[in-house]
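Numbering (my numbering), first residue to last: 5 to 293.
The next block holds one structure in the form of structure tokens; read it before the comments.
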């Protein structure tokens with residue numbers, strides 16, 4: 005079945021822009037979660053880039069599914085002033101990684117993508133070249149988030165290496181009013197020498213905070229355990245703002261987290277009780293292998 009694609013830019017609604025990358029009310033997370041549920045059934049994949057004020061979204065999939073997904077985007081109240089950059093046949097699927105996921109980008113990155121060549125969704129292969137296409141630039145942004153790894157331990161390692169490369173300082177996050185079975189640690193359980201700060205619940209959820217070398221901005225990386233490490237980053241101007249955002253995120257997702265952890269434990273208990281059950285009982289989340 006031929007794969008078609010569409011890419012557009014738009015302006016975020018005031019409700020989304022004022023939500024500060026989801027730190028306050030998680031509006032963008034809810035929008036993307038809803039898109040994921042629809043796109044998964046429609047066979048559509050893609051990515052949504054957000055610079056705090058503007059979106060660039062790339063969608064690809066079979067023509068019927070893509071048409072409906074794009075119609076949903078056109079009618080959404082979360083943005084306005086939509087400008088279509090390109091629509092047509094893509095040849096092959098370029099972003100098979102997620103039904104939808106949003107990633108933070110700098111305003112200059114989004115402007116560069118908006119002004120790039122999207123005709124035919126061509127790739128020249130070098131995002132640093134003067135004639136780099138829109139697809140070249142988009143893949144350069146997306147691929148670090150989509151590195152395929154074979155184990156959760158390797159995911160931890162890659163996240164830790166990425167954090168260490170940018171961080172000049174790391175701090176132990178202050179105690180938070182969390183349930184007793186949540187705990188804080190400054191080390192990955194699987195790689196104790198790596199500087200990775202986490203909140204863990206049964207070892208399957210991560211929240212880390214680090215400071216960038218170039219501009220000193222604190223980054224709260226709030227990783228949903230259902231997708232493994234590598235979730236969306238929330239930019240913040242201070243350590244205190246990052247901590248406050250992490251607390252809000254904890255409160256917002258605690259109920260769903262507990263449900264998912266219970267599902268993980270039920271699967272693990274069943275497999276421990278009967279090894280043969282693993283062949284006929286898929287794990288609740290794909291990263292579990």
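In this text, a Cβ means the ideal position worked out from N, Cα and C, and glycines have one as well.
- The three-state secondary structure of residue 93, taken from DSSP, is strand.
- According to the DSSP assignment, residue 64 belongs to the beta strand (DSSP E) that extends over 58-65.
- According to the DSSP assignment, residue 112 belongs to no beta strand (DSSP E) but to the alpha helix (DSSP H) extending over 111-118.
- Residue state for residue 130 is assigned as coil, using DSSP reduced to three classes.
- Spatial neighbours of residue 47 in its own chain (CB-CB distance under 7 Å, excluding positions within 5 residues in sequence) are listed in chain order as 65, 66, 69.
- The continuous beta strand (DSSP E) containing residue 107 extends over residues 106-108.
- A distance below 7 Å between beta-carbons, with the five flanking residues on each side excluded, links residue 96 to the following residues of its chain, in chain order: 7.
- For residue 272, the secondary structure class from DSSP, reduced to helix, strand or coil, is helix.
- When secondary structure is reduced to three states using DSSP, residue 144 falls in the helix class.
- Going by beta carbons, residue 131 and residue 121 fall outside the 9 Å limit.
- Its Cα nearest to that of residue 104, the residue 45 stands out among 90, 115, 45.
- Cβ atoms of residue 71 and residue 17 stay farther apart than 8 Å, at about 24 Å.
- Looking at the DSSP output, residue 54 sits in a beta bridge with 59, 108.
- With respect to residue 53, residue 39 sits apart: the two C-beta atoms are not nearer than 9 Å.
- A check of alpha carbon separations from residue 136 across 98, 146, 119, 147 identifies 119 as the nearest.
- For residue 41, the uninterrupted alpha helix (DSSP H) run begins and ends at 31-46, by DSSP.
- Residue state for residue 99 is assigned as coil, using DSSP reduced to three classes.
- In the DSSP assignment, residue 14 falls within the unbroken beta strand (DSSP E) covering 8-16.
- Put simply, the backbone Cα of residue 126 is about 44 Å away from that of residue 271.
- Between residue 143 and residue 114, the gap from beta carbon to beta carbon reaches 9 Å or more.
- Ranking 267, 286, 85 by CA distance to the CA of residue 13 puts 85 first.
- Taking the CA atoms as reference points, residue 266 sits about 47 Å from residue 123.
- Taken atom to atom, the span from the alpha-carbon of residue 77 to that of residue 60 is near 12 Å.
- Proximity to residue 19 across 93, 33, 11 peaks at 33, based on C-alpha coordinates.
- Excluding the 5 residues flanking it on each side, residue 134 has no same chain C-beta neighbour closer than 6 Å.
- Comparing alpha-carbon positions, the option among 109, 128, 288 lying closest to residue 149 turns out to be 109.
- Taking C-alpha positions only, residue 62 is separated from residue 276 by approximately 42 Å.
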